[in-house]
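Residue numbers (UniProt numbering): 1 to 363.
Right under this line is the structure:
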């Protein structure tokens, strides 16, 4: 057999970080390199090299995905392949600035996977909702500044990757996805004020990536993500965490490295985050001396044991009291509506009290 490793350069995606699996679903972290080649008349490709994790072949816009085999046959699709039979479409690194650059895209009603990474897209049209069978949408590394509210009406969407874009606000109702399991919003300009009220009510969500953004707090509504197994908040500006985080009993990975955390609520100690299949990342935070000592001595395991101790619970409670009584301020909105803002003792935990009846409403 011909040595195609030297003859072919690509459409091979070499994954840097391919060791994460979630209930049989492979989580591709979007760090890959794409190469192009003219396949000509060749019909075989040697995939002995373990760095090859995906092979894509386009013939009349059709995609074949092949995983983990030694020698894989690659077949040509018939030239009369109908656009409404296409299930997977990969337009990576095509210099696209608009979806209009993909002819008849919205007529591909059978499409289940759409990959548009490494382009120059600035927005996604509301008509994306017409792809009603879409299950995987990858928009990694574009210039997207906003998403349409209609995107959450994609009832079958399981994986949405909008990492490395320019998002500073998510549309109203964004948390209405019915089947979403993996959401990657890494490397954007998001913060707690960017999220719609229903964001943390996606009950089907199992992995949430919000690393490399601008969050200072994590709302207590995170407790509603009952099926969450992976939560990534690395490299933000987090000052505190809500005790409700400790109620996520299925959580197996928690990434908090590179923030401004000094303490952790004792409830975090209830989580099962220590073991060969669990991940807890705490480095590069300005911890109070007692936590830092535990981390230096025994790493994350030492910190978790300390959080469960009566001594830490006592010190944490005293620290809460030490912050003193709540302070208030008034802001006038729309001329006659008063907003009372008060702090709960920990930085950035805010609630608002609106107008006449002082009905409490979460931010």
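The beta carbon of each residue, even a glycine, is placed where N, CA and C say it ideally should be. Quantities reported herein were computed from a predicted structural model and do not represent experimental measurements.
So residue i and residue j are in contact, right, with Cβ under 8 Å, and what is the actual spacing, rounded?
i	j	result
residue 121	residue 139	7 Å
residue 191	residue 215	5 Å
residue 125	residue 148	7 Å
residue 231	residue 261	Not quite, the Cβ-Cβ distance comes to about 14 Å (not below 8 Å), so this is no contact.
Can you check whether the CB of residue j is closer than 8 Å to the CB of residue i?
i	j	result
residue 219	residue 246	no
residue 119	residue 156	no
residue 253	residue 223	no
residue 88	residue 112	yes
residue 221	residue 200	yes
residue 206	residue 244	no
residue 371	residue 233	The chain is shown only over 1 to 363; residue 371 falls outside these bounds and no answer can be derived.
residue 168	residue 189	yes
residue 194	residue 170	yes
residue 123	residue 144	yes
residue 115	residue 90	yes
residue 256	residue 285	yes
residue 137	residue 160	yes
residue 129	residue 100	no
Relative to the C-alpha of residue i, which residue among the options is closest?
i	options	result
residue 301	134, 208, 130 and 272	272
residue 204	167, 131, 314 and 250	250
residue 318	162, 168, 206 and 263	263
residue 154	231, 178, 143 and 186	178
residue 202	193, 213 and 227	227
residue 196	241, 258, 166 and 152	152
residue 164	117, 295, 129 and 131	117
residue 198	172, 208 and 291	172
residue 310	288, 299 and 267	267
residue 158	290, 166, 294 and 135	135
residue 208	162, 241 and 95	162
residue 314	296, 290 and 186	290
residue 316	98, 93 and 288	288
residue 274	299, 293 and 292	299
residue 259	217, 242 and 297	217
residue 235	186, 242, 97 and 312	186
Can you find a heavy atom of the ligand NAP that lies under 7 Å from the Cβ of residue i?
i	result
residue 143	Among the components modelled here there is no ligand, and therefore nothing to report on the ligand NAP.
Can you list the beta strand (DSSP E) stretches of 3 or more residues lying completely in the segment 122 to 175, in chain order?
136 to 138 and 159 to 161
Would you call the segment 277 to 284 and the segment 306 to 318 in contact, with 3 or more CB pairs under 8 Å?
no
Could you give the uninterrupted runs of the beta strand (DSSP E) lying entirely in the segment 176 to 256, keeping only those of 3 residues or more?
Secondary structure remark: continuous beta strand (DSSP E) runs of at least 3 residues inside the segment 176 to 256, in chain order: 182 to 184, 207 to 209, 230 to 232 and 253 to 255.
Contiguous alpha helix (DSSP H) assignments of at least 4 residues, all confined to the segment 243 to 317:
289 to 307
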